Every structure is written in structure tokens, then in C-alpha cells.
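Peer 1:
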Amino acid sequence: MARPLWLVRPRADGGCDYVNFVPGGADADVEMREGSHLPPQMPLLKRRCRLQRDEAERQRRQLQLEGGFRHSEPLF
464 MARPLWLVRP RADGGCDYVN FVPGGADADV EMREGSHLPP QMPLLKRRCR
514 LQRDEAERQR RQLQLEGGFR HSEPLF
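If you're matching positions, the sequence shown starts at 464 in this note's numbering and goes up one per residue.
(1) The beta strand (DSSP E) spanning Leu-470 covers which residue range?
(2) Please report the Cβ distance between Cys-479 and Val-471, rounded to the nearest whole angstrom; I am assuming they are in contact, meaning their Cβ atoms lie under 8 Å.
(3) Just to confirm the assignment, what range does the alpha helix (DSSP H) spanning Glu-518 have?
(4) With a threshold of 16 other CB atoms inside 10 Å of the CB of Leu-526, please say whether the residue is buried or exposed.
(5) Looking at the secondary structure, which residues open and close the beta strand (DSSP E) in which Gly-498 lies?
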């Protein structure tokens, strides 16, 4: 993961769940931020953790294949 990546899953209430992967420096870990957003409210950050790059890739694949998340432009 060379640049920030957003994954989004729409919800029935018009909002969405999101996961944002933010890479660190060259060999640094990736920060994974999970939350939800229901405009016009402020986004809600539910969980934040640091993962090694290979674990972040596994998480991304799992979220897309099993969690119903799709690649998105930044929400905010």
C-alpha cells in the first residue's frame, strides 16, 4: 500500500461504513481506521489500529471479498 486507500460499504439508513488505510513511511506500518458516516453529521471513528503491511493487505482483501466493501474516493 503506497498511498491512502478508502473502502466504503453503504447502509440502509443512507449512511456508510468506511475503512481507511493510511501507510506510514517506507517500511512503516499501516494505520487502519474504521468508522461510519451519516451526512450531514460528523464521521464517527469506531476503531483505529496499526498493522504490518502484509496484514493490512489481508484485511483489505477480506473486507472487499467478505465484508461488502468497495474502493472509494475519500469521503472527507
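Glycine included, C-beta positions come from ideal geometry on N, C-alpha and C. Only a predicted model underlies this, so the values are computations on that prediction, with no experimental measurement involved.
Peer 2: So, to answer that:
(1) Within the sequence shown, numbered from 1, the residue matching residue 470 stands at position 7. Run containing Leu-470: 468-473, per the beta strand (DSSP E) assignment.
(2) Counting from 1 along the sequence shown, the entry for residue 479 is found at position 16. Counting from 1 along the sequence shown, the entry for residue 471 is found at position 8. Taking 8 Å as the upper bound for CB-CB distance, Cys-479 and Val-471 are in contact here, some 5 Å apart.
(3) Position 55 of the sequence shown, counting from 1, holds the residue named residue 518. Taken as a continuous stretch (DSSP letters only), the alpha helix (DSSP H) holding Glu-518 covers 516-528.
(4) Here residue 526 refers to the residue found at position 63 of the sequence shown. Under this definition Leu-526 is a buried residue.
(5) Locating residue 498 in the sequence shown gives position 35, counting from the first residue. Note, Gly-498: beta strand (DSSP E), 493-500.
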